[in-house]
Amino acid sequence: MSLRLSIIGVILAGGEGKRFRPLTYYIPKSMIPVGRSERPILEFIILWMRKWSISDIIILVGYKWRQITNYFGDGSRFNVKMKFVVDKHPYSNTGGALRRALDLGLLDGYSDALVWYGDIIAPIKLGELIEKHYMSESDVTIAVSSNYKVPVGVVSIGRDMNILSMVEKPDLNLNANIGVLVLKISSLKRVLENSNLGFSFDIAGDLIPAMIRNGMKVKAYIHEDIWYDIGSIERYEKIDHEKIEDLLEINSSIPSYVYI
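Below is the structure:
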């Protein structure tokens, strides 16, 4: 199916990564190496977008942003075209960073933005996600994971504080926001005009609820495969680094000029 869409990738990579300290005293969270090949998280996201023919990408940066721009440059090394937007007052938080890209005119000429949080690795079938977004005429379509695994034990308590059951890190029938969404740019402009979000707001906590309140069409796309939220050292230590390249079908072979 040929979709009449023009998609730009937008990656959120401006946070300080406080839950990743002490590593993030020295490098941005999105540049922390993962997988067998020890590539930055951001590189995996960019390669996955490129795999699905999204070649125009904006990275919203802030903390230690020069490390990111120095590594990726204009994106030609990865066969994409990249631009960077640095956090600047009064714009702040994920929504403010997205609004700054909009106000700078960097989203002009595109129908929709694929927004991806910079600490998420997920083999989402972007073709399916974008097609669902288009066919349902959604203002925003959010990738959601069902049967979320709670990272702690869950206790059921009865009368007199008697513990009835305890399950360690259960799979629950919860729908979790992965941190990947397709957003119609005209709808973003409309909600910003019709709300008081200002220049400092959160995408998940403020923008999406504002769209729902304004009667916009907010849809879910269910991603049933594994995904990684690499938001803290504790989560990082639990990643199966051997699986990441296989998940994303990325070549991790050792170059011929490296002798081991």
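Under numbering that gives the first Met the number 0, the first residue of the sequence shown carries the number 0, and numbering increases by one thereafter.
Where a beta carbon is used, it is the ideal one built from N, C-alpha and C, also for glycine.
Model, not experiment: these values are computed from the prediction.
Beta carbon of residue i nearer than 8 Å to that of residue j
i: I184; j: S110; result: yes
i: L11; j: Y116; result: yes
i: S137; j: I177; result: no
i: I268; j: L113; result: The structure shown has nothing for residue 268, since the chain only spans 0 to 259.
i: V9; j: L59; result: yes
i: A96; j: G197; result: no
i: A121; j: I57; result: no
i: W51; j: L103; result: no
i: F77; j: L46; result: yes
i: G94; j: I202; result: yes
i: H222; j: V181; result: no
i: S135; j: K17; result: no
Cβ-based burial, residue i [other Cβ within 10 Å; buried from 16]
i: V33; result: buried
i: M279; result: No information on residue 279 is available, as it lies outside the stretch 0 to 259 that the chain covers here.
i: S173; result: In the sequence as displayed, the identity of residue 173 is Leu instead of Ser. That one is exposed.
i: Y227; result: buried
i: N69; result: exposed
i: V166; result: exposed
i: P27; result: buried
i: R20; result: exposed
i: M193; result: As written in the sequence, residue 193 is Asn, which differs from the Met given in the question. Classification of N193: exposed, given that the 10 Å Cβ count is below 16.
i: I48; result: Here the sequence assigns Met to residue 48, which means Ile is not the residue at that position. Classification for M48: buried.
i: D73; result: exposed
i: N195; result: exposed
Opening and closing residue of the beta strand (DSSP E) in which residue i lies
i: I6; result: I6 to A12
i: A219; result: V217 to I221
Backbone CA spacing between residue i and residue j [nearest angstrom]
i: Y24; j: E236; result: 18 Å
i: I225; j: A175; result: 12 Å
i: I31; j: F43; result: 11 Å
i: Y220; j: I141; result: 6 Å
i: I229; j: L4; result: 30 Å
i: G61; j: E15; result: 8 Å
i: D107; j: K80; result: 15 Å
i: E233; j: I53; result: 31 Å
i: N213; j: I207; result: 10 Å
i: E244; j: V179; result: 19 Å
i: E241; j: S29; result: 19 Å
i: I129; j: Q66; result: 31 Å
i: K216; j: F71; result: 35 Å
i: R35; j: W64; result: 25 Å
i: L187; j: I156; result: 44 Å
i: V190; j: I123; result: 27 Å
i: S75; j: V85; result: 20 Å
i: S199; j: N92; result: 6 Å
i: E127; j: I119; result: 19 Å
i: K87; j: G204; result: 21 Å
Residue range of the alpha helix (DSSP H) that includes residue i
i: L46; result: I40 to K50
i: S144; result: Run containing S144: none in the alpha helix (DSSP H); it sits in the beta strand (DSSP E), V139 to S144.
i: Y235; result: I232 to E236
i: K131; result: L125 to M134
i: Y70; result: W64 to F71
i: P21; result: From DSSP, P21 is part of no alpha helix (DSSP H); its letter is neither H nor E.
i: L101; result: N92 to D102
i: I202; result: Neither: I202 is in no alpha helix (DSSP H) and is coded neither H nor E.
For residue i, the residue or residues it bridges with in DSSP
i: P32; result: P39
i: Y182; result: First, the residue type needs correcting, since residue 182 is Leu and not Tyr in the sequence shown. L182 is bridged to A112 and V139.
i: V84; result: L59
i: M227; result: The question names Met, yet the displayed sequence has Tyr at residue 227. Answer is I120, bridged to Y227.
i: N78; result: According to DSSP, N78 bridges with nothing at all.
is_contact[residue i, chain B] using C-beta, thresh 8 Å
i: L22; result: The chain inventory of the structure shown lacks chain B, comprising one protein chain alone.
Any non-hydrogen atom of the ligand NAP closer than 7 Å to residue i Cβ
i: E223; result: Looking at this structure, you won't find the ligand NAP or any other ligand, since it has none at all.
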